[in-house]
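Participant:
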Amino acid sequence: MFSAAMEPTNHQIAEQLNLMSELLEIRGENVFKVRAFSRAADIISRYGSPLAPLDEKSLASIPGIGKNIAGKIREIVDTGTFRELEEIKSGIPDSLIELLRLEGIGPKTVATLWTRLSVESIDDLEREARSHRIRALRGFGEKKEESFLKAIAVYREQSGRMTRLEADAVADRVRPAFTPGTYEIAGSYRRGRSTIGDIDVVTTEPAHVINPRLRSLADEVIDEGDKRTSVRVLGKRVDVRFSRPQQFGSMLLYLTGSKAFNIRLREIAISKGFKLNEYGIEDRTAGVRREFSSEAEIFAFLSMDPVVPELREDWGEVERALTRSLPELVRQDAIRGDLHVHSSWSDGRLTIEQLARKGEELGYEYIVCSDHSATLGIAHGLDAEAVGRQSHEIELANRSSSCRIIHGIEVDILADGTLGLPSRTLGDLEIVIASVHSGFSQERDIMTRRVLSAVENDHVDIIGHPTGRILGRRQPYAIDMDRVIDRARETGTALECNASPYRLDIDDVEIRKAVGRGVRIAIGTDAHDPSEFEYMRYGVTTCRRGWASGSDVLNTLGVRDLLEWGS
DNA sequence: GCCGTTTTCGGCCCGACTGTTTTCAGTCG
């Protein structure tokens, strides 16, 4: 939560509206009203600029937000909450919301359990299920009791969304069930999200072939059918949809999502007199169904440009596709170098010489060697004297390498906003990345000013992993990214998209905000080990999700232009 | 609650699977 004196972030506003949606759902309110709140929350959490300063009229002009919700947003900004939310909260225990997180339990079930058995929490539910008091309710039976207990166990064991690496591990476990070339992994995995909830697969092989294979390699079969089968692997859900080859495009489109994108596309279809589903497109009057073996045919049929999976979030891409004005996104093959790697001079594994070889192998024009500075006991950080010695070694390596090692540093932004190396030393370096590695719990305004002083430092070229998040382990620190972005534009400082799958920092939402305001993005793998250079693809995907074009991304510059930019 | 080149009222994406029912409600994606 936030103090009354401080303006709420879009994320905080969205959380309240989302809570409202869930409470209304438990109360059995009109599903469209429920959806309106949930949709508004979704839109707000991805909205490019802060809503807090906007008046009611401007808020209501945002698609998906009407007069009513606009008023509630103003209330949140002014008072920290809104009256209607407080009223409904006072009648429903907080702990009921958590019950909604259990697999197979939705608002109707929660309401029934609560009103009939006074179940208010997961612990209550477990007790009632174990003592077989649930099967006494109409519509509930033995199987439901078992599935509730199972859902509780899964919930307690699960640690939420997967990193890209964990998702790859789950995907690799199920791939052997499918014949190469006959399937595709869809869902948020295909859209390139920085974290993945579950794995979705579309296959053209029939269920009677695939189901036995899935059964043998899965840890658990959740449900099994001719059209869809769900299993659990490594504690994560894997959904498989079976499709005829001539309908593969429709099924892939449907299962890739996002949900919001699918809804938008189906609305477009309706407006043209069609019904769109995972089997094809039907003429609403004639009832004739057209089938599509590829997604491209569907987009063409709807008279829109094809939308790449990374953009499918209902974030304005549908309108742009209809007017054939989608942006040209940055591509992996336009990347000419890695802007953040570590060598054995600090905590990396490769020597300078080996970095150069690695860069040649990857076809890079350059690699920025950016070891840690020697502050705060970070493993083997470099002091001013070591930077000088490292410079000689880099010079030597560059004599015999087609990949130029650029002499950089990842210097600490200290708690007071000063940098971990003297100005003279930083002036000798070709590229300076400044990052926060300590004091994560500083108050928002202090942290923001701390990072701003690095942005304003003449020597600093790039702000490293700007929010400091570690996926699944550490929340982003409190920072006003809007102020950072605005100041970065004024000073020509780039923001990093740290491509490590444990970070992906900054993420799509901030990238779109930054490039929309003319701030360059620097993709760095932060590689400490030769295997980590391939993280570049995660960074490129994240930038594409943030609507970044080639010219928005520093890595597309040639070595000469990059050095000129950095000087 | 939101929205409107048919509409300011009456719509709101669409289908699969389970468990509990005897034809469907609830949940999920």
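When we follow our numbering, the leftmost residue of the first sequence carries the number 1, and every step to the right adds one. Glycine included, each C-beta is placed from N, C-alpha and C at the ideal position.
Under three-state DSSP, which class holds glutamate 205?
Facilitator: Residue mapping note: residue 205 aligns to position 205 of the first sequence, counting from 1. Coil.
Participant: Using beta-carbon positions only, say whether valine 330 and isoleucine 367 come within less than 8 Å of one another.
Facilitator: Counting from one through the first sequence, the residue named residue 330 turns up at place 330. Counting from one through the first sequence, the residue named residue 367 turns up at place 367. Contact: no.
Participant: Applying the criterion that 16 or more other CB atoms from any shown protein chain within 10 Å of the CB defines a buried residue, is proline 8 buried or exposed?
Facilitator: Counting from one through the first sequence, the residue named residue 8 turns up at place 8. Answer is buried; the Cβ neighbour count reaches 16.
Participant: Leaving aside the five residues before and after lysine 72 along the sequence, list all residues of the same chain whose C-beta is less than 6 Å from its C-beta, in chain order.
Facilitator: Walking along the first sequence from the start, residue 72 turns up at place 72. Only Phe82 meet the Cβ criterion.
Participant: From Ser194, Ala300 and Glu295, pick the residue whose C-alpha is nearest to that of arginine 503; which is it?
Facilitator: Numbered from its first residue, the first sequence carries residue 503 at position 503. With distances taken between Cα atoms, arginine 503 lies closest to Ser194.
Participant: Throw me the rounded Cβ distance for the arginine 264 and lysine 275 pair, which I believe falls under 8 Å.
Facilitator: In the first sequence, counting from the first residue as 1, residue 264 sits at position 264. In the first sequence, counting from the first residue as 1, residue 275 sits at position 275. Contact doesn't hold; Cβ gap of about 15 Å is too wide.
Participant: Given tyrosine 183, which residues of its chain have a CB within under 8 Å of its CB, disregarding the five upstream and five downstream residues?
Facilitator: To locate residue 183, count along the first sequence from 1; it is residue 183. If we look at tyrosine 183 and ignore the five residues flanking it on each side, its Cβ neighbours are Val201, Val202, Thr203, Thr204 and Glu205.
Participant: How about the stretch 478-494 and the stretch 524-539: do they share at least three Cβ pairs that are nearer than 8 Å?
Facilitator: Counting Cβ pairs under 8 Å, fewer than three are found: no touch.
Participant: Note down the Cα distance separating tyrosine 47 from serine 400, rounded to an integer number of angstroms.
Facilitator: Counting from 1 along the first sequence, the entry for residue 47 is found at position 47. Counting from 1 along the first sequence, the entry for residue 400 is found at position 400. Roughly 49 Å separates the two Cα atoms.
Participant: In terms of alpha-carbon separation, which member of Lys89, Leu311 and Arg215 lies closest to asparagine 262?
Facilitator: Taking the first residue of the first sequence as position 1, residue 262 is located at position 262. Taking only the C-alpha atoms, the option nearest asparagine 262 is Leu311.
Participant: Using DSSP bridges, identify the partner residues of histidine 407.
Facilitator: Taking the first sequence and counting its residues from 1, one reaches residue 407 at position 407. According to DSSP, histidine 407 bridges with Cys369.
Participant: Using the C-alpha atoms, what's the distance from isoleucine 152 back to leucine 471?
Facilitator: Position 471 of the first sequence, counting from 1, holds the residue named residue 471. Position 152 of the first sequence, counting from 1, holds the residue named residue 152. If I take the Cα positions, the gap works out to 24 Å.
Participant: Compare the Cα-Cα distances from aspartate 314 to each of Phe440, Asn10, Arg191 and Ala386 and report the closest residue.
Facilitator: Sequence index remark: in the first sequence, residue 314 carries index 314 (1-based). For the residues Phe440, Asn10, Arg191 and Ala386, the minimum Cα distance to aspartate 314 belongs to Arg191.
Participant: Identify, in the order they occur along the chain, each residue of the same chain with its Cβ nearer than 6 Å to the Cβ of histidine 107, setting aside the five sequence neighbours on each side.
Facilitator: Numbered from 1 along the first sequence, position 107 holds the residue referred to as residue 107. Before going on, a small fix: residue 107 reads as proline here, not histidine. Excluding sequence neighbours, proline 107 sits near Glu25 and Ile26.
Participant: Check whether the Cβ atoms of valine 221 and valine 209 sit closer than 8 Å, and answer yes or no.
Facilitator: The residue given as residue 221 occupies position 221 in the first sequence. The residue given as residue 209 occupies position 209 in the first sequence. Not closer than 8 Å, so no.
Participant: Given that a residue counts as buried once 16 or more other Cβ atoms are within 10 Å of its Cβ, and exposed if not, what is glutamine 247?
Facilitator: On the first sequence, position 247 is the one that residue 247 refers to. Buried: at least 16 other Cβ atoms inside 10 Å.
Participant: Suppose you measure from the CA of isoleucine 134 to the CA of isoleucine 185; what does that come to, to the nearest Å?
Facilitator: Taking the first residue of the first sequence as position 1, residue 134 is located at position 134. Taking the first residue of the first sequence as position 1, residue 185 is located at position 185. Looking at the two C-alpha atoms, the distance is approximately 38 Å.
Participant: Taking all protein chains shown into account, do 16 or more other C-beta atoms lie within 10 angstroms of the C-beta of serine 402, making it buried, or fewer, making it exposed?
Facilitator: Looking up residue 402 in the first sequence gives position 402. Answer is exposed; the Cβ neighbour count stays below 16.
Participant: Quick check on this structure: which residue in Thr229, Tyr279 and Pro309 has the alpha carbon closest to the alpha carbon of methionine 251?
Facilitator: Taking the first sequence and counting its residues from 1, one reaches residue 251 at position 251. Measuring from the Cα of methionine 251, the nearest candidate turns out to be Tyr279.
Participant: For leucine 406, which residues of its own chain have a beta-carbon under 6 Å away from its beta-carbon, when the five flanking residues on both sides are left out?
Facilitator: Taking the first residue of the first sequence as position 1, residue 406 is located at position 406. Looking at the sequence itself, residue 406 is isoleucine, so the reference to leucine does not match. These residues qualify, in order along the chain: Tyr366, Val368, Glu430 and Ile431.
Participant: Does DSSP put glutamate 220 in a helix, a strand or coil?
Facilitator: Counted from its first residue, the first sequence places residue 220 at position 220. In the structure shown, glutamate 220 sits in a strand (DSSP, three-state: E or B).
Participant: In three-state terms, what does DSSP make of histidine 578?
Facilitator: The question about residue 578 has no answer, for the chain in this structure spans 1 to 567.
Participant: Please report the straight-line C-alpha distance between alanine 300 and proline 306, rounded to a whole angstrom.
Facilitator: Your numbering for residue 300 matches position 300 in the first sequence. Your numbering for residue 306 matches position 306 in the first sequence. Distance between the alpha carbons of alanine 300 and proline 306: 7 Å.
Participant: In the structure shown, what three-state DSSP assignment does phenylalanine 82 receive?
Facilitator: Along the first sequence, one-based indexing puts residue 82 at 82. Coil, per DSSP.
Participant: Roughly how many angstroms lie between the CA atoms of glutamate 142 and phenylalanine 32, to the nearest whole one?
Facilitator: In the first sequence, residue 142 corresponds to position 142, counting from 1. In the first sequence, residue 32 corresponds to position 32, counting from 1. Cα-Cα distance, rounded: 33 Å.
Participant: Please list the terminal residues of the continuous alpha helix (DSSP H) segment that includes glutamate 145.
Facilitator: Locating residue 145 in the first sequence gives position 145, counting from the first residue. Per DSSP, glutamate 145 belongs to the alpha helix (DSSP H) from 142-157.
Participant: Give the straight-line distance between the Cα atoms of methionine 1 and alanine 478, rounded to the nearest whole angstrom.
Facilitator: Counting from one through the first sequence, the residue named residue 1 turns up at place 1. Counting from one through the first sequence, the residue named residue 478 turns up at place 478. For methionine 1, the predicted model reports a pLDDT of 48, less than 50, meaning its position is unreliable; a value from the coordinates is still stated below. Near 12 Å, if we compare the C-alpha coordinates of alanine 478 and methionine 1.
Participant: Looking only at its own chain, which residues have a Cβ that is under 7 Å from the Cβ of valine 233, when we skip the five neighbours before and after it?
Facilitator: For the purposes of this step, residue 233 is identified with residue 233 of the first sequence, where counting begins at 1. The answer, listed in chain order, is Val170, Arg173, Val174, Ala218 and Asp219.
Participant: Run through the stretch 475-531 for me and flag every whole beta strand (DSSP E) of 3 or more residues, listed as ranges in chain order.
Facilitator: As far as the stretch 475-531 is concerned, its whole beta strand (DSSP E) runs of at least 3 residues are 494-498 and 521-524.
Participant: Are isoleucine 446 and glutamate 496 closer than 8 Å when you measure CB to CB?
Facilitator: Within the first sequence, numbered from 1, the residue matching residue 446 stands at position 446. Within the first sequence, numbered from 1, the residue matching residue 496 stands at position 496. It is not a contact, given that the beta carbons lie outside the stated cut-off.
Participant: Lysine 259 to aspartate 416, Cα distance in whole Å?
Facilitator: Mapped onto the first sequence, residue 259 falls at position 259. Mapped onto the first sequence, residue 416 falls at position 416. So the alpha carbons of these two residues sit roughly 44 Å apart.
Participant: At what residues does the alpha helix (DSSP H) containing glycine 280 begin and finish?
Facilitator: Against the first sequence, residue 280 aligns to sequence position 280. Careful: glycine 280 lies outside any alpha helix (DSSP H), inside the beta strand (DSSP E) at 280-283.
Participant: Where are the beta strand (DSSP E) runs, 3 residues long or more, that stay fully inside the stretch 166-192, in chain order?
Facilitator: Complete beta strand (DSSP E) runs here, min 3: 183-185.
Participant: Report the partner residues of asparagine 277 according to the DSSP bridge assignment.
Facilitator: The residue labelled residue 277 in the question sits at position 277 within the first sequence. Asparagine 277 pairs with Gly280.
Participant: Where do the ends of the alpha helix (DSSP H) carrying arginine 35 lie?
Facilitator: What you label residue 35 is simply residue 35 of the first sequence in a count that begins at 1. Start and end: 31-45.
Participant: Assuming the contact rule is C-beta atoms closer than 8 Å, aspartate 505 and asparagine 498 should be a hit. Round their C-beta distance to whole Å, please.
Facilitator: Within the first sequence, numbered from 1, the residue matching residue 505 stands at position 505. Within the first sequence, numbered from 1, the residue matching residue 498 stands at position 498. Going by Cβ atoms, the distance from aspartate 505 to asparagine 498 rounds to 5 Å, so yes, they are a contact pair.
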